[in-house]
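In the numbering used here, the protein residues as written are 1 to 453.
Where is the CB? At the ideal position from N, CA and C, for every residue including glycine.
Inspection log for the structure reproduced underneath, given as structure tokens.
So, in structure tokens, the structure goes:
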């Protein structure tokens, strides 16, 4: 045995281990038999451990000692000799295992491929981006993240939550970009969770957040691996739960809830146009119904005379104030939306579409609502669904009723004061120390650069 080679190979092995973080999916082990010792280093989330067991460990114990076991390793498909630390680290991140035996360091490929069990995304569609979503298996999800983000600084911390459910979770982050103060706050919040059963990302969101009664989410819940990887590169922390296909991304600010992956995949001006449409839709969904009440009940003189007369003629058969008309139609839309979610998918869209058409037509003919009310409620419903993240959609759906109430009481001034109050409330929110409106004052590139420093 060559002592120099043995020492150099061992040093290379230790250097590889030293460049990898203290991650729970990094395995370093050794085993010996008949005077031979093998040291093994691999990343379990990208390596097929069954293949390692059947193609490496079991043959090592069964191998006849009449010839070196290194001959068997050299014959394995995908076996490569050590070249450099950088190349070896690249192979480790792509599913190879480092094997130290008799003064030689081997890199043997045991890649794990779980693509067959990955479903398509159903809640966050894109025009030009990837179509795959996470699965309900935490191991498969870690494999997806590792394959899309092969960085040596990616760290996985495994925990268990739920006194009764004992749900396995994984906290994933890039230690090169994550803010240490945010990471410490997240660990503290995680250690304080005292719940019997935790089964979904939404539950974990509720347990981690401090302002549990806030209308607005402070963590993004997503099913897309590409969105998750992008957030990891921005210094965010990701929680994966076993048994659910949704992951939790934090800290998250308002900008995160109004952005979609198409913003990255499209060209610059197309992306800016789409983002502008979203914010216009957000403002319309919040204010259009309230503005209708304010202009018809308090300040019709603001409208042009032709438009004012048209609205008045449309509302002539309606026997009650515009507030009740708007509230009735908005609640009907909420019921149709909820019904479309709860009904079986095969009949849900058809039943709610036909129900909405019949309801609107019958209510108009009966004089219970005006024709313009149908237009306004439809515009509000469409505008509300341009928000990419569902959790923010629910928050804004509830907020428009608050604005509607203050507008009914105080007119346009009430709407203005309510909108200013909404912005003030958003500005007061934080997500693990990060201001909720942060990215309106600091670009994502500047934020990432600061986190890296």
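Best match in 9, 178, 58 for proximity to residue 83 [C-alpha to C-alpha]: Residue mapping note: residue 83 aligns to position 83 of the chain shown, counting from 1. Closest in C-alpha terms to residue 83, from the list 9, 178, 58, comes 9.
Environment of residue 436 [buried if 16+ CB atoms lie within 10 Å]: As a position in the chain shown, residue 436 is number 436, starting the count at 1. In the assembly as shown, residue 436 is a buried residue. Its beta-carbon has 16 or more other beta-carbons within 10 Å.
Beta-bridge partners of residue 176, as assigned by DSSP: The count along the chain shown starts at 1 and reaches residue 176 at position 176. According to DSSP, residue 176 bridges with nothing at all.
Where residue 67 sits in the DSSP three-state scheme: Position 67 of the chain shown, counted from the start, is the residue given in the question as residue 67. Three-state DSSP puts residue 67 in coil, outside helix and strand.
Residue 14 (DSSP reduced to helix, strand or coil): Along the chain shown, one-based indexing puts residue 14 at 14. DSSP places residue 14 in helix when its eight states are reduced to three.
Bridge-paired residues (DSSP) for residue 42: In the chain shown, counting from the first residue as 1, residue 42 sits at position 42. Bridge partners of residue 42: 27.
heavy atom of the ligand NAP below 7 Å from residue 30 C-beta: The ligand NAP is absent from the structure shown, which contains no ligands of any kind.
Own chain partners of residue 261 with C-beta closer than 7 Å, once the 5 adjacent residues on each side are dropped: Within the chain shown, the letter at position 261 stands for residue 261. Correct list, in chain order: 126, 129, 224, 226, 227.
Inter-residue CB distance, residue 153 and residue 176 (contact presumed, cutoff 8 Å): On the chain shown, position 153 is the one that residue 153 refers to. On the chain shown, position 176 is the one that residue 176 refers to. Residue 176 and residue 153 do touch by the CB rule: their CB atoms are close to 4 Å apart, below 8 Å.
Residue 418: first and last residue of the uninterrupted alpha helix (DSSP H) it sits in: Position 418 of the chain shown holds residue 418. Unbroken alpha helix (DSSP H) run through residue 418: 390-428.
Own chain residues within Cβ distance below 7 Å of residue 17, not counting five before or after: Here residue 17 refers to the residue found at position 17 of the chain shown. So the list reads 28, 41, once near-sequence residues are dropped.
The region 240-260 touching the region 364-376, judged by at least three CB pairs closer than 8 Å: Judged by pairs of C-beta atoms under 8 Å, the region 240-260 does not touch the region 364-376, as fewer than three such pairs exist.
Residue 325 versus 298, 312, 274, 370, residue with shortest Cα-Cα distance: Here residue 325 corresponds to residue number 325 of the chain shown, with the count starting at 1. The option with the nearest alpha carbon to residue 325 is 370.
Bridge partner(s) assigned by DSSP for residue 158: Walking along the chain shown from the start, residue 158 turns up at place 158. The secondary-structure analysis by DSSP pairs residue 158 across a beta bridge with 170.
Between the CA atoms of residue 277 and residue 530 - distance to the nearest angstrom: Nothing about residue 530 can be reported from this structure: the residues present for the chain run from 1 to 453 only.
Residue interval of the beta strand (DSSP E) (run including residue 250): As a working note, residue 250 is residue 250 in the chain shown. Counted as a single uninterrupted DSSP element, the beta strand (DSSP E) harbouring residue 250 occupies residues 247-250.
Candidates 427, 361, 378, of which the one nearest residue 337 by Cα: To locate residue 337, count along the chain shown from 1; it is residue 337. The candidate whose alpha carbon is nearest that of residue 337 is 378.
Rounded Cβ spacing between residue 409 and residue 286 (contact assumed at less than 8 Å): To locate residue 409, count along the chain shown from 1; it is residue 409. To locate residue 286, count along the chain shown from 1; it is residue 286. So it is not a contact: roughly 17 Å between Cβ atoms.
Minimum Cβ-Cβ distance from residue 134 to chain B less than 8 Å: You won't find chain B in this structure, because it holds only one protein chain.
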